[in-house]
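To start, the structure under review is shown below, and the notes come after it.
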Amino acid sequence: MADTSDENDLTASHGVVLRARNGDVIRYDPSGLVLRLSDRVVEDLALRLPSRDTPVATPANTADLPEGIDAWDARTEGDWITFTARLPGDQGVRGFRAHIDGGDIIAEANGPVLGILGIGGASAALATRIPARYPQHIVAPADDIGAVGHAGIELAKSCNRLEHLREVTHEALVAQSILDWRMADFGPLPLFVTRVETDSSTTTADLACGKAVENLLIAAANLRAAADLMGKSAKVLAVTLDFALEDHSDTAQAYRDGMLAVMEAVSSGLWSLGFDRPLFVSRFYSGLPDVAPGPALDGQWELSWSHGDHRLIHSAPAYMFALDEYDRPTDIARTQQAEMTASAIAEAATWKCPTLHLAELEGKTLRVAARAAGPLVLDDADPFLAGAHGGFHLTGCENGAEINAVCIAEDDPQSLVLHLSKVPEGADLRLAYACAGTRNVGALRDDWTLTSATGGALHRWALPAHLPITGGRHA
Numbered sequence: 005m006a007d008t009s010d011e012n013d014l015t016a017s018h019g020v021v022l023r024a025r026n027g028d029v030i031r032y033d034p035s036g037l038v039l040r041l042s043d044r045v046v047e048d049l050a051l052r053l054p055s056r057d058t059p060v061a062t063p064a065n066t067a068d069l070p071e072g073i074d075a076w077d078a079r080t081e082g083d084w085i086t087f088t089a090r091l092p093g094d095q096g097v098r099g100f101r102a103h104i105d106g107g108d109i110i111a112e113a114n115g116p117v118l119g120i121l122g123i124g125g126a127s128a129a130l131a132t133r134i135p136a137r138y139p140q141h142i143v144a145p146a147d148d149i150g151a152v153g154h155a156g157i158e159l160a161k162s163c164n165r166l167e168h169l170r171e172v173t174h175e176a177l178v179a180q181s182i183l184d185w186r187m188a189d190f191g192p193l194p195l196f197v198t199r200v201e202t203d204s205s206t207t208t209a210d211l212a213c214g215k216a217v218e219n220l221l222i223a224a225a226n227l228r229a230a231a232d233l234m235g236k237s238a239k240v241l242a243v244t245l246d247f248a249l250e251d252h253s254d255t256a257q258a259y260r261d262g263m264l265a266v267m268e269a270v271s272s273g274l275w276s277l278g279f280d281r282p283l284f285v286s287r288f289y290s291g292l293p294d295v296a297p298g299p300a301l302d303g304q305w306e307l308s309w310s311h312g313d314h315r316l317i318h319s320a321p322a323y324m325f326a327l328d329e330y331d332r333p334t335d336i337a338r339t340q341q342a343e344m345t346a347s348a349i350a351e352a353a354t355w356k357c358p359t360l361h362l363a364e365l366e367g368k369t370l371r372v373a374a375r376a377a378g379p380l381v382l383d384d385a386d387p388f389l390a391g392a393h394g395g396f397h398l399t400g401c402e403n404g405a406e407i408n409a410v411c412i413a414e415d416d417p418q419s420l421v422l423h424l425s426k427v428p429e430g431a432d433l434r435l436a437y438a439c440a441g442t443r444n445v446g447a448l449r450d451d452w453t454l455t456s457a458t459g460g461a462l463h464r465w466a467l468p469a470h471l472p473i474t475g476g477r478h479a
């Protein structure tokens, strides 16, 4: 007879019974089943239950308004003063709120308070020390840390208030891009809470169990607490992932498995706080000039098409963004990065950067299968100076075979045909695109385009890939 304690040890203490597209519906833990109800069901239950006392807006004394601002139509709602004002920023004359105990003025916005959170290594903490252009609409938890976070040095504090940003991170720029688009379309302007958390992890496996995850979840809890204080709901719009150049995983699979663990830790933590499974958005790094991220390159490629049930999309390959003399994205590039991330969030259901999957050799012809949201385009303008072959080259070739020409397949708009000088030979023969070279850029994209606030057009460029060459009797 089996030992009962052994059987108990084999039983998972946490898991999922039923999962929908937007997250887990029924989970279990040692206490029993845990059921997540939809917003519609919660609203219906609220109508059937005895009503709770809610703050009623009443006219406020103008003396209660924050001093030194052009404000009017003041109203008292519980512990808040709401009013209309003309304040610094691109938002124009709008409604705002201030707490009776003081603190920063916050936008009075319809709908849920939206969180754009981020996690990663040192590169994720890049910020510009300027205020946001919508200072009352893009804020951070009021823990006197700002949008950049704690860098893994200490544990974040719990709080239920919000404050203006002292610096602008990628997440803040994403919120700014969304607000710009809403302003142009005369749409509602949401209230965004932004925070990116980092630590000194050297592998994705370390990141999954490091302080950055813990602090990110505290930031999410603070988002919900701040929304509750204002009588609003909270929603995590997206979680950005930025951890590749810092990674020192031994293998591509180790990188991928570690990132899956990061996403699972964040998803489980957010679910326990009452949030849906988040949308993860990441840029794909092929490395700096002459510096490749090793296993992280292949790990990112594997993650692009094999990420389990996590909602992960790549907003763009990093090679499309200009770098300064310190190999950091320029101010223009940071705005473009934010626009690509914001576009990926807005079009999450259909967004897909062209991804190369398979390279098959047939004599002196190499056929490459890809998947994209639209037909492939080899950009003749070659904006990144990828060269005559669009960023493609052979690696591991031992007989001097070269690429003569690259074109889109006539029978499939999502496949390419590469014509070679002769049948290539090599023990580890591979096709590289935008990686494993000195330039690490490419000229392959699809037909998606966006007019950037920086001028010119942005395109959805193909992700780097380093594919084993298979198939054919000469492979």
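For the sequence shown, the working numbering gives the first residue as 5, with consecutive numbering after it.
From the three backbone atoms N, C-alpha and C, an ideal C-beta is built for every residue, glycine too.
Point to revise | Among 109, 68 and 128, the one whose alpha carbon lies nearest that of residue 341 | key: 128
Review point. If residue 150 sits next to residue 171, beta carbons under 8 Å apart, how far is it from one beta carbon to the other, in whole angstroms?
Key: 6 Å
Practice item. For residue 379, count neighbouring C-beta atoms within 10 Å of its own C-beta (all shown protein chains included) and say buried if the count is 16 or more, exposed if not. Key: exposed
**Study point:** For residue 436: DSSP bridge partner residues
**Key:** 397 and 470
Check your understanding: Taking the alpha-carbon positions, what's the residue 93 to residue 184 distance?
Key -> 12 Å
Review point. Taking three-plus beta-carbon pairs below 8 Å as touching, is the segment 185-192 in contact with the segment 238-257?
Key: no
Review point. How would you call residue 102, buried or exposed, if buried means at least 16 neighbouring beta carbons within 10 angstroms?
Key: buried
Check your understanding: What is the C-beta distance between residue 456 and residue 343, in whole angstroms, given that I count them as a contact (C-beta under 8 Å)?
Key -> 6 Å
Check your understanding: Which stretch, first to last residue, makes up the beta strand (DSSP E) that contains residue 321?
Key -> 315-321
Review point. According to DSSP, is residue 273 helix, strand or coil?
Key: helix
Check your understanding: Tell me which same chain residues have a C-beta within less than 6 Å of the C-beta of residue 13, skipping the five on either side of it?
Key -> At residue 13 the pLDDT is 40, less than 50, meaning the model places this residue with poor confidence; the figure from the coordinates comes in the next sentence. Cβ neighbours of residue 13 beyond the five flanking positions: none.
Check your understanding: Counting only runs that start and end within the segment 72-133, where is the beta strand (DSSP E) found for 3 or more residues in a row?
Key -> 74-81, 84-90, 97-103 and 117-124
Check your understanding: What residue from 339, 431 and 131 has the CA that sits closest to residue 460's CA?
Key -> 339
Check your understanding: Where do the N-terminal and C-terminal ends of the alpha helix (DSSP H) with residue 403 fall, by residue?
Key -> That residue, residue 403, is in no alpha helix (DSSP H); it is neither H nor E in DSSP.
Review point. If you draw a straight line from the C-alpha of residue 236 to the C-alpha of residue 116, how long is it?
Key: 6 Å
Point to revise | Selected residue, minimal CA-CA separation from residue 167, among 230, 208 and 225 | key: 230
Point to revise | residue 215, enclosing beta strand (DSSP E) - first and last residue | key: That residue, residue 215, is in no beta strand (DSSP E); its alpha helix (DSSP H) goes 215-233.
**Study point:** Per-residue burial, residue 9 [other beta carbons within 10 Å of its own, 16 or more giving buried]
**Key:** Because residue 9 sits at a pLDDT of 44, beneath the cut-off of 50, its placement in the model cannot be relied upon, and the following sentence gives the value as read from the coordinates. Exposed, since its Cβ has fewer than 16 Cβ neighbours within 10 Å.
Check your understanding: Are the CB atoms of residue 120 and residue 244 nearer to each other than 9 Å?
Key -> yes
Check your understanding: Which one of 448, 259 and 418 has the shortest CA to CA distance from residue 207?
Key -> 259
Practice item. Have a look at residue 424 and residue 302 and give me their C-alpha separation to the nearest angstrom. Key: 24 Å
Point to revise | Short Cβ contact (9 Å threshold) for residue 110 with residue 234 | key: yes
Review point. Quick one: Cα of residue 134 to Cα of residue 349, how far?
Key: 24 Å
Point to revise | Three-state class that DSSP yields for residue 246 in the structure shown | key: strand
**Study point:** Whole runs of the beta strand (DSSP E) within the segment 347-432, excluding any shorter than 3 residues
**Key:** 359-366, 369-375, 396-399, 407-412 and 419-424
Exercise for review: Please name the residue or residues paired with residue 461 in a DSSP beta bridge.
Suggested key: 455
Point to revise | Start-to-end residues for the beta strand (DSSP E) that takes in residue 174 | key: Careful: residue 174 lies outside any beta strand (DSSP E), inside the alpha helix (DSSP H) at 174-188.
Exercise for review: Label residue 330 either buried or exposed according to how many other C-beta atoms from any shown protein chain fall within 10 Å of its C-beta, with 16 as the threshold for buried.
Suggested key: exposed
Point to revise | Buried/exposed call for residue 452, threshold 16 Cβ in 10 Å | key: buried
**Study point:** Beta-carbon contacts of residue 62 that lie in its chain and below 7 Å, excluding the five residues immediately before and after
**Key:** 79 and 80
Check your understanding: Where DSSP assigns a beta bridge to residue 152, which residues make up the other side?
Key -> Per DSSP, none; premise fails for residue 152.
Check your understanding: Alpha carbon to alpha carbon, what distance is there between residue 326 and residue 334?
Key -> 6 Å
Exercise for review: Kindly indicate which three-state DSSP category residue 11 falls into: helix, strand or coil?
Suggested key: The predicted model places residue 11 with a pLDDT of 39, which falls under 50 and marks its position as unreliable; any figure quoted below should be read in that light. Residue state, collapsed to three classes: helix.
Review point. Is the beta carbon of residue 238 less than 9 Å from the beta carbon of residue 232?
Key: yes
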